[in-house]
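J.: To get the numbering used here, take the position in the sequence shown, counting from 1, and add 11.
For every residue, glycine included, the Cβ atom is placed at its ideal position computed from N, Cα and C.
Computed from a prediction, not measured in an experiment: that's the story for all the values here.
Pasting a structure below so you can have a look.
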Amino acid sequence: MKVHEPVLLQEVLEYLKPVPGGQYIDATLNGGGHTLAIAERIQPNGVVLGIEWDSSLFQETELRIKNYELRKSLILINDSYTNLKSIAEKHDFQPDGILFDLGLSSWHYEASGRGFSFKKDEPLDMRYNTESRSKNQEARQTAAEIVNLYSVPELEQILRDYGEEQFARSISESIGLNRKKRPIMTTDDLVAVINVAVPDWYKQQSSPSRRRPNGRATGSPTPRRKIHFATKTFQALRVVVNDELGNVAKGVRMAIDILKPGGRLVVISFQGHEDKLVREIFKEQVKAGRIIQPVKGTIRPTWPEQQANPRSRSAKMKVAEKV
12 MKVHEPVLLQ EVLEYLKPVP GGQYIDATLN GGGHTLAIAE RIQPNGVVLG IEWDSSLFQE
72 TELRIKNYEL RKSLILINDS YTNLKSIAEK HDFQPDGILF DLGLSSWHYE ASGRGFSFKK
132 DEPLDMRYNT ESRSKNQEAR QTAAEIVNLY SVPELEQILR DYGEEQFARS ISESIGLNRK
192 KRPIMTTDDL VAVINVAVPD WYKQQSSPSR RRPNGRATGS PTPRRKIHFA TKTFQALRVV
252 VNDELGNVAK GVRMAIDILK PGGRLVVISF QGHEDKLVRE IFKEQVKAGR IIQPVKGTIR
312 PTWPEQQANP RSRSAKMKVA EKV
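Next up, the structure:
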């Protein structure tokens, strides 16, 4: 069975350093790409514990790999990595390494039907797990509930804090006006509201840069934007709906707690907020004498990987080692 190669795969294997017979946790199972690659490196007798919060994605991944030859080396759990410590204790797991790939799965954009993408007309849900109560997780509000029920100042704060949206005020005011006429319930509804709130230049997207063999862009610089004008609003809502930053803080700290001495923690983030949060936690834990950073700074995808997988362009990886 062919599994799509995930972001920074070779770098993950290099810095996580999986060894035969070891125990590893992939806290964000997703489609299983990282998990299976780690499992290959730890044969014989090694085990990977994979955790996936989204029950639909979990079931799909479990079904896809059920006949895979390395399936016997995997323990797959449908739960949140905020419960990492209790999961490890339940399975008597003392990890030699832990991986977090915090990026949103392409499955969520393409197949979830929950409104993660502004390119499809879908209900404004954006929850990673739609169960009323998911394994000790509080029930989350949908994006539609936030958009229609929060005050305009609250919405503006969300867009500023979690999307760094420069037109947070005008977009929030547009939401406030339009929801009086009828509720904003779908992605198309929300995009239309954002469209009338931002200037025309903000809606102009640049074409992908042509590059010479030396990697330098050709042609003159363009003032157009690289991202869609709704990107930051959708990101901000998704972060709040799923309490992403709160979960990352809990999960990363818990991972450091349960790692074996000498064990490695690798975290891949795709947003500035998450990357900054991980950096601050690592700095705090280094100061406390609990970890060292074998690699200073941030590891980025190579240019060939960025060309082959545009989603990887914003990926930032940090590495810690338990003292």
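1) Ordered along the chain, which non-local residues of its own chain (more than five positions away) have a Cβ less than 6 Å from that of ARG249?
2) Report the CB separation of ALA331 from PRO312 in whole angstroms; it is logged as a contact under 8 Å.
3) Residues in the same chain with beta-carbon distance under 8 Å from LYS28, minus the five sequence neighbours each way, listed in chain order, please.
4) Relative to the C-alpha of GLY257, which candidate in ASN94, GLU22 and SER181 has its C-alpha closest?
5) For the stretch 285-334, list the alpha helix (DSSP H) runs that are entirely contained and at least 4 residues long, ordered along the chain.
6) Are the Cβ atoms of ALA38 and PHE111 separated by less than 8 Å?
7) Which runs of the beta strand (DSSP E) at least 3 residues long sit entirely within the stretch 99-185? Give them in chain order.
8) Beta-carbon separation of ASN41 and GLU63 under 8 Å?
9) Note the first and the last residue of the continuous alpha helix (DSSP H) segment covering GLU51.
10) Let me know if PHE127 comes out buried or exposed under the rule of 16 or more other beta-carbons within 10 Å of its beta-carbon.
11) Using beta-carbon positions only, say whether ALA154 and LEU135 come within less than 8 Å of one another.
12) Does the separation of the CB atoms of LYS243 and GLY174 fall below 8 Å?
13) Can you find at least 3 beta carbon pairs, one from the stretch 81-97 and one from the stretch 295-309, that sit closer than 8 Å?
14) Measuring alpha carbon to alpha carbon, tell me which residue in LYS130, PRO272, VAL251 and LYS101 is nearest GLU167.
15) The beta strand (DSSP E) with ARG275 in it runs from where to where?
16) Closer than 6 Å by C-beta to ALA179: which residues in its own chain qualify, once you throw out the five before and the five after it? Chain order, please.
17) Whole angstroms are fine: how far does the CA of ILE292 sit from the CA of VAL204?
18) Quick one: what's got a C-beta closer than 8 Å to GLU316's C-beta in the same chain, skipping five residues either side?
19) Taking the continuous alpha helix (DSSP H) assigned at GLN9, which residues delimit it?
20) At which residues does the alpha helix (DSSP H) containing TYR26 begin and terminate?
21) In the DSSP assignment, the beta strand (DSSP E) including VAL59 goes from what residue to what residue?
22) Can the beta-carbon of PHE240 be found closer than 8 Å to that of VAL209?
T.: Quick look at the numbers:
1) Beyond the five residues adjoining it in sequence on each side, ARG249 comes within less than 6 Å, by CB distance, of MET137 in the same chain, given in chain order.
2) ALA331 to PRO312, Cβ: 20 Å. No contact.
3) Excluding sequence neighbours, LYS28 sits near GLY108 and ARG275.
4) The shortest Cα separation from GLY257 among ASN94, GLU22 and SER181 belongs to ASN94.
5) Qualifying alpha helix (DSSP H) stretches, in chain order: 314-319.
6) Contact: yes.
7) Taking only runs of at least 3 residues, the beta strand (DSSP E) segments lying wholly in the stretch 99-185 are 108-112.
8) By the CB criterion at 8 Å, ASN41 and GLU63 fall inside the cutoff.
9) Under the DSSP assignment, GLU51 falls in the alpha helix (DSSP H) whose first and last residues are 44-52.
10) Its Cβ being crowded by 16 or more others within 10 Å, PHE127 is buried.
11) Here ALA154 is near LEU135, since their CB atoms are less than 8 Å apart.
12) Going by C-beta atoms, LYS243 is nearer than 8 Å to GLY174.
13) Not touching, per the Cβ criterion.
14) Comparing Cα positions, the closest option is VAL251.
15) It spans 275-280 - the beta strand (DSSP E) in which ARG275 sits, taken as one unbroken run.
16) GLU167, LEU170 and ARG171, listed in sequence order.
17) Using only the alpha carbons, I get a separation of about 37 Å.
18) Once the five neighbours on either side are set aside, the close Cβ partners of GLU316 are VAL18, LEU19 and SER323.
19) The structure shown has nothing for residue 9, since the chain only spans 12 to 334.
20) First-last of the alpha helix (DSSP H) with TYR26: 20-27.
21) Counting along the chain, VAL59 sits inside the beta strand (DSSP E) bounded by residues 58-63.
22) Contact: yes.
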